[in-house]
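These notes are about the structure you will find just below.
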């Protein structure tokens with residue numbers, strides 16, 4: 005039996021990268037899923053490909069910065085599968101390298117709306133459904149940059165640090181509902197986004213991989229494996245914690 009057999013989950017930001025890798029991993033372990041993304045066409049394509057591999061998955065267009073969109077995504081899970089056990093808040097928005105002095109205010113607000121308010125909104129609507137199901141697991145995908153500072157990344161460090169704190173506060177609020185809330189903090193991961201930002205996979209390895217003790221960027225599947233642990237009952241004594249998976253980045 006799979007490690008998520010009988011569980012129903014939602015994963016946001018699931019078109020590609022960590023979100024897609026996690027959707028594939030959860031599906032392979034028996035979970036029924038609503039995978040969501042602001043890219044409606046892309047998420048339907050991803051869902052179809054996971055179904056072709058045998059997964060019980062539906063796609064849902066969702067802008068996590070919009071409350072109605074988040075509520076509709078949770079409702080989709082209940083309509084399709086009857087309950088909700090797992091929520092992984094993975095959707096993210098990147099401004100790029102910029103200082104506070106030079107940042108566009110609208111971009112800054114968008115980063116907060118997607119990266120911090122989005123997980124709050126998804127959780128707000130997921131918690132009653134999880135309570136009805138007898139409990140669940142909420143995973144906020146943060147970053148190793150949520151625990152350290154870095155030049156030109158004030159927006160990202162700020163929102164990811166806030167997300168780690170949000171997980172701790174939510175864990176305290178909902179332990180009585182048997183809802184565990186943790187953050188998952190990846191280091192530099194080899195996704196299409198980081199390759200595009202660096203110009204190539206080789207450049208990403210040189211630029212970001214060199215910052216880790218292991219001398220490489222991580223794989224999306226390595227983060228998916230960590231998310232699987234947090235989603236499963238194997239992590240039943242974890243709540244309010246931050247799981248750091250960074251190849252030794254923060255050890256340097």
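In the working numbering, the protein residues as written are 5 to 256.
Backbone N, C-alpha and C define an ideal beta-carbon position, used for all residues, glycine too.
A straight-line Cα-Cα distance of about 15 Å links residue 76 and residue 47. Two segments are said to touch when three or more pairs of C-beta atoms, one from each, lie closer than 8 Å; by this definition the stretch 210 to 228 does not touch the stretch 117 to 126.
The alpha carbon of residue 184 has as its nearest neighbour, out of 149, 192, 246, 220, the alpha carbon of 246. The Cβ atoms of residue 186 and residue 29 do not sit closer than 8 Å to each other. Rounded to the nearest whole angstrom, the CA to CA distance from residue 36 to residue 86 is 10 Å. The stretch 54 to 62 and the stretch 127 to 144 do not touch, with fewer than 3 CB-CB distances between them shorter than 8 Å. Note on geometry: alpha-carbon atoms of residue 198 and residue 205 lie some 8 Å from one another. A direct Cα-Cα distance of roughly 19 Å separates residue 6 from residue 139.
Look at the stretch 89 to 155 and you find these whole runs of alpha helix (DSSP H), each 4 residues long or longer: 109 to 116, 122 to 136. In this structure residue 13 is in contact with residue 235, their Cβ atoms being roughly 7 Å apart against a cut-off of 8 Å. Assigned with DSSP and collapsed to three states, residue 179 falls in helix.
Between residue 34 and residue 9, the alpha-carbon positions lie close to 4 Å from each other. Judged by DSSP in its simplified three-state form, residue 42 adopts coil rather than helix or strand. The C-beta distance from residue 256 to residue 217 rounds to 7 Å, short enough to fall under 8 Å. Non-local C-beta neighbours of residue 60 in its own chain, meaning closer than 6 Å and more than five positions away in sequence, comprise 36, ordered along the chain.
Out of 96, 136, 73, the CA that lies nearest to the CA of residue 90 is found in 136. Around the beta carbon of residue 192, a 10 Å sphere encloses 16 or more other beta carbons of the protein chains shown; the residue is thus reported as buried. In terms of Cβ geometry, residue 119 and residue 167 form a close pair [threshold 8 Å]. Per DSSP, the continuous alpha helix (DSSP H) segment holding residue 232 begins and ends at 224 to 235.
Contact annotation, residue 160 with residue 215: C-beta distance approximately 15 Å; criterion of less than 8 Å not satisfied. With 16 or more other Cβ atoms from the protein chains shown falling within 10 Å of its own Cβ, residue 63 counts as buried. Its Cα nearest to that of residue 67, the residue 95 stands out among 243, 79, 95, 84.
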